[in-house]
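Chemist:
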Amino acid sequence: MSQVAPDTHQIDDEARPGAWAADTSLDVIEVVGPDAVGYLQGQLSQNVSGLAVGAWAPSLLLEPQGKMCAWMRVHRAADDTVHLVVDAGFGTVVEQRLRRFWLRTKAELSTRFNVPTLAVRAWPDGLAVPAAEDVTPGGADPILVAPAPWPTHPGFDLIGDGATLPDDVVRLEGDAGRQALERARVASGVPAMGTEIGPDTIPAAARVVEASVDFTKGCYTGQELVARIDSRGNVTPTRLVLLTGDGEVPQRDAALSVDGTDRASVTTAVPAAGEGGQVWDTCIAPWTRRQNSPLADGQPVHAVDRARTRAEPPVGLSDGHRVTDVSHRAVIQTRRRRRTSLDETLNHHRRCRYRRAFRRLGTT
Numbered sequence: 013m014s015q016v017a018p019d020t021h022q023i024d025d026e027a028r029p030g031a032w033a034a035d036t037s038l039d040v041i042e043v044v045g046p047d048a049v050g051y052l053q054g055q056l057s058q059n060v061s062g063l064a065v066g067a068w069a070p071s072l073l074l075e076p077q078g079k080m081c082a083w084m085r086v087h088r089a090a091d092d093t094v095h096l097v098v099d100a101g102f103g104t105v106v107e108q109r110l111r112r113f114w115l116r117t118k119a120e121l122s123t124r125f126n127v128p129t130l131a132v133r134a135w136p137d138g139l140a141v142p143a144a145e146d147v148t149p150g151g152a153d154p155i156l157v158a159p160a161p162w163p164t165h166p167g168f169d170l171i172g173d174g175a176t177l178p179d180d181v182v183r184l185e186g187d188a189g190r191q192a193l194e195r196a197r198v199a200s201g202v203p204a205m206g207t208e209i210g211p212d213t214i215p216a217a218a219r220v221v222e223a224s225v226d227f228t229k230g231c232y233t234g235q236e237l238v239a240r241i242d243s244r245g246n247v248t249p250t251r252l253v254l255l256t257g258d259g260e261v262p263q264r265d266a267a268l269s270v271d272g273t274d275r276a277s278v279t280t281a282v283p284a285a286g287e288g289g290q291v292w293d294t295c296i297a298p299w300t301r302r303q304n305s306p307l308a309d310g311q312p313v314h315a316v317d318r319a320r321t322r323a324e325p326p327v328g329l330s331d332g333h334r335v336t337d338v339s340h341r342a343v344i345q346t347r348r349r350r351r352t353s354l355d356e357t358l359n360h361h362r363r364c365r366y367r368r369a370f371r372r373l374g375t376t
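Under the working numbering, the sequence shown has 135 at position 123, and the numbering climbs by one with no breaks.
#1: Ala199 and Thr164 look like a contact to me (Cβ under 8 angstroms); what is the Cβ gap, rounded to whole Å?
#2: What number of angstroms, rounded off, separates the C-alpha of Val98 from the C-alpha of Val202?
#3: Should Val106 and Ala82 be called a contact, given that it needs their Cβ atoms to be closer than 7 angstroms?
#4: To the nearest angstrom, how far is the alpha carbon of Arg4 from that of Thr233?
#5: Please classify Asp99: does DSSP put it in a helix, a strand, or coil?
#6: Pick from His95, Ala34, Glu236: whose alpha carbon is nearest that of Ile41?
#7: Report all residues from its chain with a CB closer than 8 angstroms to the CB of Pro211; omit the five preceding and five following residues, and keep chain order.
#8: With distances taken from CA atoms, which of Pro161, Thr148, Ile214 is nearest Val238?
#9: Under 8 angstroms by Cβ, that's how I've got Gly206 and Gly101 pegged, so tell me the actual separation to the nearest angstrom.
#10: What are the start and end residues of the beta strand (DSSP E) that includes Ser37?
#11: Three or more C-beta pairs closer than 8 angstroms, one from the region 222-233 and one from the region 182-194: is that the case here?
#12: Just the Cα atoms here: how many angstroms apart are Gln55 and Pro249?
#13: Whose CA, out of Val132, Ala48, Arg133, Thr176, lies closest to the CA of Arg116?
#14: When DSSP labels each residue in this structure, what does Val105 get in the three-state scheme?
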């Protein structure tokens, strides 16, 4: 049977044995109909039509200009049914964006807001994720079991009312659960909607392209910016980095500066366990690129490079960086690689040809 931990404000990760669960909520958008898969195939960055029934995958929903609308998980529930799972509070944004090009689509779209969810984390490696029927109480609607492959705290989300926890999973109640889940998210470098991801976010800057984009599929809305930045080595003006350090925990939007120049603003910071908020453990911040500059001014911090695979949301330093520790401060040395693709070359020649043609028209 699952166990319940006391509602305390500080839960030490090292002292918590085995898997644990915390209460949260998510928004779920359901698209049902003969055109459901085909329509989403043209709107999402993931290869929806290539997903097997029952499969899950992370995906981007982009605005036409390529900026992010939402980062979500896609579930192919049936041949004509797809679930889109997004952070709570952003279901309306996703629904409005999908309906923008909905004309004559033979499908129905509905949204469930703030669906009760049990976030199970620190799931043991090699242990099978429970099936939906094993966690759904009798007579209730099926529970969605959504994978959450967080690098340091892998697990899954049980989405739906009354989900049954697997045996030996400790349920953290109240503030203890919320704090543990946020600490796990930040430690894993997983960006959240509304903090790390907003309407002006470039996908490559959020470090989610590698896990969420299928570059072998056909066209989808907003793909031009993603493809162009990928062809240039995914170099963006800013990108999310994961920092750790000592000192007072920085507040959200707190500036991090180097030699008097602001280089980043904190999006999320969490205190080290058991330190009462006086030592900050990790934070996520969009860092402005500068060559050969220390990562912080007057505060001992260092960058953490997380292992990046297609199954994990990648956050940290890219392969184009080297990290050198100098007196407990890290120096980022950026190796920029400019690659010009064939498409870029052709587009340049086309633009030149158009300019010459317009100049001739202006002189006649």
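The C-beta atom is built at its ideal place from N, Cα and C for all residues, glycine as well.
Modeler: Per the coordinate set shown:
#1: Start at 1 with the first residue of the sequence shown, and residue 199 comes out as number 187. Start at 1 with the first residue of the sequence shown, and residue 164 comes out as number 152. Confirmed, about 5 angstroms.
#2: Position 86 of the sequence shown, counted from the first residue, corresponds to residue 98. Position 190 of the sequence shown, counted from the first residue, corresponds to residue 202. Whole-angstrom Cα-Cα distance: 13 angstroms.
#3: Counting from one through the sequence shown, the residue named residue 106 turns up at place 94. Counting from one through the sequence shown, the residue named residue 82 turns up at place 70. Yes. Within cutoff.
#4: In this structure the chain extends from 13 to 376, so residue 4 is not present and cannot be described.
#5: Position 87 of the sequence shown, counted from the start, is the residue given in the question as residue 99. It is a strand residue.
#6: To locate residue 41, count along the sequence shown from 1; it is residue 29. With distances taken between Cα atoms, Ile41 lies closest to His95.
#7: Here residue 211 corresponds to residue number 199 of the sequence shown, with the count starting at 1. Cβ contact annotation for Pro211 (same chain, cutoff 8 angstroms, sequence separation greater than five): Glu75, Lys79, Met80, Cys81, in chain order.
#8: To locate residue 238, count along the sequence shown from 1; it is residue 226. Checked all of Pro161, Thr148, Ile214; the closest Cα to Val238 is Ile214.
#9: Taking the first residue of the sequence shown as 1, we reach residue 206 at position 194. Taking the first residue of the sequence shown as 1, we reach residue 101 at position 89. Correct: roughly 7 angstroms between the Cβ atoms.
#10: For the purposes of this step, residue 37 is taken as residue 25 along the sequence shown, with counting starting at 1. Per DSSP, Ser37 belongs to the beta strand (DSSP E) from 32-44.
#11: As far as the Cβ criterion goes, the region 222-233 does not touch the region 182-194, which means the pair count is below three.
#12: The sequence position of residue 55 within the sequence shown is 43, counting from 1. The sequence position of residue 249 within the sequence shown is 237, counting from 1. The C-alpha of Pro249 is placed about 26 angstroms away from the C-alpha of Gln55.
#13: Locating residue 116 in the sequence shown gives position 104, where the first residue counts as 1. Comparing Cα positions, the closest option is Ala48.
#14: Counted from its first residue, the sequence shown places residue 105 at position 93. The three-state reading of DSSP puts Val105 in helix, counting H, G and I together.
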